[in-house]
Amino acid sequence: MKVVLAWFLMLMGVAAFAASNSYGPITKKDPALEKRIDSLIEKMSVEEKIGQLALRDWGMYSKEQIPQIKQAIREGKLGGFLNVSMSQVNDQAFAELQKVAVEESPNGIPLIFGQDVIHGYKTIFPIPLGQAASWNADLVERGARVAALEASADGVRWTFAPMIDIARDPRWGRIAESLGEDPLLASDLGVAMVKGFQTDDPSQPTSLAACAKHFVAYGATEGGRDYNSAYVPEGILRDIYLKPFKAAVDAGLMTIMSSYNALNDIPATANAFTLKTILRDEWGFNGFVVSDWNSVLEMIPHGFAKDDRHAAELSANAGIDFEMHSDSYERYLPDLIKQGKFSEEDLNIAVRNILRVKMMLGLWENPYPVGNQEDTFLNADFLASAKEAAEQSFVLLKNEGNILPLKKSQKVAVIGPLADAAHEQLGTWIYDGEKKDTRTVLPALKKYVGDDANILYAPGVSYSRDKSTDGFAAAIAAAKKADVILYIGGEESILSGEGHSRGDIRLPGVQQALIGELAKLDKPLVQVIMAGRLIQLDQTLTQSDALMMAWHPGTMGGPALVDVLYGERSPVGRLPLTWPITVGQIPYYYNHLATGRPASDDNYTRIDDIEQEIFQHFPGNSSNLLDLGHLPQFPFGYGLTYSTFSYDKVKINKSKIKLGKSLTASVVIKNTGKVTATEVVQLYVQDKVGSRARPVRELKGYQRVTLAPGKSQKVTFELHTDNLAFHNPSMELVTEPGEFNLWIAPNALAGKALAFEVQ
Ligand code: BGC
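For what it's worth, this note's numbering labels the leading residue of the sequence shown as 594, then goes sequentially.
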């Protein structure tokens, strides 16, 4: 394809790229740009304007349909395509389709090409949830930049990322695409992705317009069932679910995608409150809003629109600019306008939003793909970044007897379905990534150890859901000969992602049984989990001496894991989610409210200690579960490393601050262990009394500190009273004076509270 495309570009005379207009951030409308849009809009017919609102999925077309599609472009009936790189029918489609739009359509408006470039294009980075575990915005930004460089080489100039749905339910398959449960962490990392994709100058031919999705509260889907309803009170909507979107909009985000779910009974694709009142009127968003794939027409089965025409009317009036996949705008907007059910003024607004983004992307100046230079895809720098991202995503959850790091001299039995699973370690949404490029763990281990005889491979099961125990005997035999058992299991890629939720989040297939058999051998057992969600660990936690969460780590997952397992690097990942003991605790997130009867270890009776036929008894009426208590398996923010850290001299410089001022909180962190390692120091606050009841803790800051053994460092956080704001019952963003608690701690359950007061 590379050669063909270069040849094709030469034929078209595209030798070099034209300098683009740079219009500054989209947060401020640029008068020169607005004028340029005005003069273009004046020339456009209503049909051509409606054409700009049509985004079609190229992946759905057959070869026979190409002439028809080209004719539609020629007539100005299409604004863009998604999934052009996915098509098997024509590998020059980007340039060919664009050529028709630019040279033959009525006003020569270029098409925009979108794609799900979610965690890499060719070089696949860890799934977003894994990247979130790094708590490292710079690294996440770099990953997005690599993805943009690769995707734009093919012709993609718009990515449907970042996915910044706050996610609190590991049953939901799309939690894999999320940046976790915390609004601050998701905001920071979402903004980092926006910056990496768009850069400061989106008109560069290697920049992509980012698309924050899914607007909004998709992550609150009931029961973890995808596409399901979300019921979110407005205060929580604004304080939790909208926060990352607001941060992304303020950072210059160019596009937003509506979600599939109904929010408080109104489908997000026709929700004028979120799409107009909040997004446009309150936030002043100037980019465009795209529907999700077919979400306009899906309002019919939702029971909200009576037919296609009604669906078009509802979405267009609610503020959906670009219709993805379905064609109801094309079919019905002309008539709806004639009937006065949709105004031409609103049509102009939608077209303006789309043209603004297209012009800011410099599509007139550089409409054609950058081209596949030989070194664009999977180059050494990109692979090194992907490896670093994977290394930093791993979360060490248990390490009894310091079984990790492993030693080269140890004989290792490598067992489990994901030790050499090139496709599976890539994770969900890898449209353009290929398993042939994946570096899996097994060969990386052999290379690192340098002695094949020390690596005994017997997977035990052939894939994660395998129910056959036929491979157990070989796995047990290998384990018997080894010094240490390295179990690499979890979930295949397809068990998370869109439409792939689970009700039972234990290790699938017979993996638990296999680990049980291995544990009987009484050898050190290291369990590595690759998965797109948190896993209910059950007895495998006690059966394992060490446990590492590796998510789906992407192209370079193998060598990255080997480096961390053998201590070339110390683990740095921290959980971006609260890890439940069982599915029965879900939803379980750290920033929950207290109750009138807060749970603690001593105010309930364990299920086995309750006497039979006892009269309604006390203690027992607290917010505990009789069988699970109140604590999670691992708290939000938790993660171990190969060293230990002490937290000393935790201080606040003032015990009282005035509204509008800041305080300084500090701690001295010391590496008390034997190797260099990184600690993620976390700042939490609790507003003790509020006009809406406040969470038990909220993350307000975090810093990554790398220290050599014996070294210490003072870590300082500035906390402004604006950082304590929340939406009061009148939905005003306010900081209320009163008493607060503050913790500087290694996770959401640790630390000792210090008090301060806002006056
Ligand atoms: C997903 C979106 C995605 C779109 C385009 C939908 O099914 O919900 O996240 O961007 O498809 O592929």
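Even glycine gets a Cβ: it sits at the ideal position worked out from N, Cα and C.
The C-beta distance from A1072 to K1116 rounds to 6 Å, short enough to meet the 8 Å contact threshold.
Across the structure, A741 and V963 are spaced so that their CA atoms are roughly 11 Å apart. For A1348, the pairing in a beta bridge is given by DSSP as N1334. According to the DSSP assignment, G1083 belongs to no alpha helix (DSSP H) but to the beta strand (DSSP E) extending over V1077 to G1083. Proximity annotation: the ligand BGC has residues L675, N676, D709, F753, M756, K806, H807, M850, Y853, D885, W886, M917 and E1091 in chain order, each selected because its CB is closer than 7 Å to a heavy atom of the ligand. In this structure, L989 and M1141 form a Cβ contact; the two beta carbons are roughly 5 Å apart against a cut-off of 8 Å. For the pair of segments examined, the stretch 865-877 was found not to touch the stretch 772-787: the number of CB pairs separated by less than 8 Å stays below three. Relative to the Cα of L1335, the nearest Cα in the group F1310, A612 and A1187 belongs to F1310.
Per DSSP, the continuous beta strand (DSSP E) segment holding F706 begins and ends at I705 to Q708. Under the three-state reduction of DSSP output, R1099 falls in the strand class. In this structure the stretch 887-901 lies against the stretch 911-926, because at least three pairs of beta carbons, one per stretch, are closer than 8 Å. For T620, the closest of T848, G1082 and S1259 by C-alpha to C-alpha distance is T848. Residue burial is scored here from C-beta neighbours: Q724 has at least 16 other C-beta atoms within 10 angstroms and is therefore classed as buried. Cβ-Cβ distances below 7 Å link A665 to L671 in the same chain, with the five nearest sequence neighbours on each side left out; the list follows chain order.
In chain order, P1117 and D1138 place their CB closer than 8 Å to the CB of G994, counting only its own chain and leaving out the 5 sequence neighbours on each side. Nearest to L1130 by C-alpha distance, out of P1164, F975, M1324 and P1173, is P1173. Taking the C-beta atoms as reference points, L997 is found no nearer than 8 Å to V1005. Rounded to the nearest angstrom, the Cβ distance from N965 to D747 is 7 Å, consistent with a contact under 8 Å.
Under the DSSP assignment, N941 falls in the alpha helix (DSSP H) whose first and last residues are E937 to M953. With contacts defined by Cβ atoms closer than 8 Å, D1156 and E984 form a contacting pair.
A contact between stretches requires three or more CB pairs, one per stretch, nearer than 8 Å, and the stretch 1186-1195 meets this requirement with the stretch 1203-1218. Proximity to I630 across K899, Q1209, S1323 and N941 peaks at N941, based on C-alpha coordinates. Sorting H1145, H895, Y1197 and Y961 by C-alpha distance to the C-alpha of V1034 places H1145 at the top. Nearest neighbour of K1001 by Cα position, chosen from S936, K1040, P1180 and G845, turns out to be K1040. In the displayed model, A805 falls within a strand according to three-state DSSP. Apart from sequence neighbours up to five positions away, the residues of its chain that approach S1089 with a beta-carbon distance below 6 Å are G766, A769, T1021, G1125 and R1126, ordered along the chain. Across the structure, L926 and Y1182 are spaced so that their CA atoms are roughly 44 Å apart. Note that the stretch 748-766 touches the stretch 806-816; at least 3 beta-carbon pairs, one per stretch, sit closer than 8 Å. D650 and N676 have their C-alpha atoms some 6 Å from each other. Residue environment: I1108 is assigned as buried (16 or more neighbouring CB atoms within 10 Å of its CB, all protein chains considered). In the three-state reduction of the DSSP assignment, Q685 falls in the coil class, being assigned neither a helical nor a strand state. Note on geometry: alpha-carbon atoms of A694 and R667 lie some 6 Å from one another.
In this chain, D623 is not harboured by any beta strand (DSSP E), its DSSP state being neither H nor E. Under the DSSP assignment, G644 falls outside any beta strand (DSSP E), being part of the alpha helix (DSSP H) whose first and last residues are V639 to Q645.
Per DSSP, the unbroken beta strand (DSSP E) holding G673 starts and ends at G673 to L675. In this structure, DSSP gives A1106 a helical state, which the three-state scheme calls helix.
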